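Chemist: Quick one: the structure is below, questions incoming.
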Amino acid sequence: RCTFIGGRVPCARAEREALRTLVGDLVASRRTHTCETKGPAHAARVRAMHPIFPDEEWPSFLRKRVYLRKGIKPFLGAALEPAEQARIRRRVFLDLGSRSFASSTAWFLKTYPGAERFEVHGFDMDPSYGATWARSAAAHNATGRFRFHGVAVSTFDGLLSLWHTMQGNAMQNLGGRAGGDMVCSRVRVANLPAWLGTGPGGVLGLTEADFVVAKMDIDGAEFNVIPALLATGAMRLIDELFIEFHHSRWSWKQPPGGPPSPGHKPAPVTSRCTPERERALLQAGNGSVCVHRHEAYAWFQLMRDNCVFVHEWT
């Protein structure tokens, strides 16, 4: 397996595609997948969602921003019938890769319908964010409603050795290797599929009677976590998902050829996965990998085909 930001994926694209096919076949073989359990009304809502952008490259940063803003809505919570609302046991928001409270959790509380009725759980590998979460909970007069978990979202419980720079984003180095200016930390990781439920390893105690909204931005580890959620059936516990699928691309802030000059117009968000670069990485055998946006798109489509109400998050 190769390192991709904070995840570990098969080095060859064909192997990654085979894994996705295997997961899809496994989900389809079960009579308890999401389409069966949520019913025809939910399936119709998923089919009516804004389509996921299918191309490998965005034509411009502006087009990307406008398209994704459209795709954030509609919110599932606003589409439920009164009878469906009445059957809800708990309302839960999971901020997976939360960082500070002021980022996506603040967005959820400001934007999502009925957010004041949700209990909120933040997950981040950096436990120092727990203090800001506690202060924010007190400011909202809802200390019992907000809980921070200082763990990295993964597919197993335990500790992981993390090599990272003192200044860098540690999450982006979960699969990193020792180097000249690197330091090693021990990071606690959580098996998300097990944590969600009521079975062995269950922490949150969620059931299908609960209404669960999740935001997932875990820097590449989604390529491990999403297959596990689907394969174990734990995805049924998440009613609505906002997720950023990472892929190898040039940022508009860092286009090919170096950083832009001051005042530089944002460049198109282009792929770094040229055939030449992909071949070079495979031949080098140094543990690096090139992941295409088309791979992320295929996971989106697999989830929607199985009635997961999933939006692209950025």
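Okay, so the sequence shown: first residue is 1003 according to the working numbering, each after it adds one.
For every residue, glycine included, the Cβ atom is placed at its ideal position computed from N, Cα and C.
This one's a predicted model, so the numbers in the text were calculated from it and none came from an experiment.
1. Assign G1207 to buried or exposed, taking buried as 16 or more other Cβ atoms, counted over all protein chains shown, within 10 Å of its Cβ.
2. Using DSSP bridges, identify the partner residues of A1192.
3. Can you tell me where the alpha helix (DSSP H) holding T1209 begins and where it ends?
4. Whole angstroms are fine: how far does the CA of R1022 sit from the CA of T1157?
5. If you pair each beta-carbon of the segment 1230–1244 with each one of the segment 1029–1043, do three or more pairs fall below 8 Å?
6. Please work out which residues of its chain come closer than 6 Å, Cβ to Cβ, to F1103, disregarding the five sequence neighbours upstream and downstream, and give them in chain order.
7. Measuring only the C-alpha atoms, how far is T1209 from V1122?
8. Grab me the residues of V1025's own chain with a C-beta within less than 8 Å of its C-beta, minus the 5 sequence neighbours each way, in chain order.
9. Skipping 5 residues on each side, what residues in its chain have a beta carbon closer than 7 Å to that of T1036?
10. Following the continuous beta strand (DSSP E) through R1093, name the residue where it begins and the one where it ends.
11. Check for me: the beta strand (DSSP E) holding L1243 runs from which residue to which?
12. When you compare the segment 1186–1206 with the segment 1286–1306, are there three or more beta-carbon pairs, one atom per stretch, that lie closer than 8 Å?
13. Identify which residue in T1145, K1217 and H1313 has its Cα closest to the Cα of S1105.
14. Do you know offhand how far E1118's Cα is from I1090's?
15. F1063 by DSSP, collapsed to three states: which one?
16. Out of N1288, A1286, G1287 and C1292, which one is the CA nearest neighbour of P1277?
17. Which value, in whole angstroms, describes the spacing of the CA atoms of R1188 and H1248?
18. Would a C-beta distance cut-off of 7 Å place R1295 and E1019 closer than the cut-off?
19. From this set, D1241, E1242 and G1222, which residue's C-alpha is nearest G1009's C-alpha?
20. Please determine, among R1092, H1142 and M1127, the residue with the shortest C-alpha to C-alpha distance to K1112.
21. At the level of alpha carbons, what is the spacing between L1082 and S1130?
22. According to DSSP, simplified to helix, strand and coil, what is S1031?
23. Below 6 Å CB to CB, which residues in the same chain sit around K1040 once its five sequence neighbours on both sides are set aside?
24. What does G1160 pair with, by DSSP beta-bridge criteria?
25. Is the Cβ-Cβ distance between G1099 and D1219 less than 7 Å?
26. Considering only the alpha carbon of each residue, which of L1284, P1042, V1312 and L1164 lies closest to I1007?
27. When the Cα atoms are used, what is the spatial distance from E1314 to F1244?
28. Please list, in chain order, all residues of the same chain as R1147 whose beta carbon is under 6 Å from its beta carbon, the five residues on each side excluded.
29. Output the boundary residues of the alpha helix (DSSP H) element that contains H1296.
30. Just to confirm the assignment, what range does the alpha helix (DSSP H) spanning H1248 have?
31. What is the C-beta distance between G1287 and T1005, in whole angstroms, given that I count them as a contact (C-beta under 8 Å)?
32. Considering Cα atoms alone, identify which of F1077, H1044, H1052 and G1079 is closest to V1320.
33. Run through DSSP, which three-state label would C1037 get?
Modeler: Checking against the coordinates, here is how it stands:
1. exposed
2. V1155
3. Unbroken run through T1209: none, as it is neither H nor E.
4. 16 Å
5. yes
6. T1134, W1135 and S1138
7. 16 Å
8. P1229, L1232, A1233 and L1304
9. M1237, R1238, N1308, C1309 and V1310
10. R1093 to L1098
11. E1242 to I1245
12. no
13. K1217
14. 15 Å
15. helix
16. C1292
17. 24 Å
18. no
19. G1222
20. H1142
21. 37 Å
22. helix
23. C1309
24. V1191
25. yes
26. L1164
27. 6 Å
28. E1121
29. R1295 to D1307
30. No alpha helix (DSSP H) contains H1248, which DSSP labels as neither H nor E.
31. About 12 Å separates the two Cβ atoms, so there is no contact after all.
32. The chain is shown from 1003 up to 1316; residue 1320 falls before or after that span and cannot be answered.
33. helix
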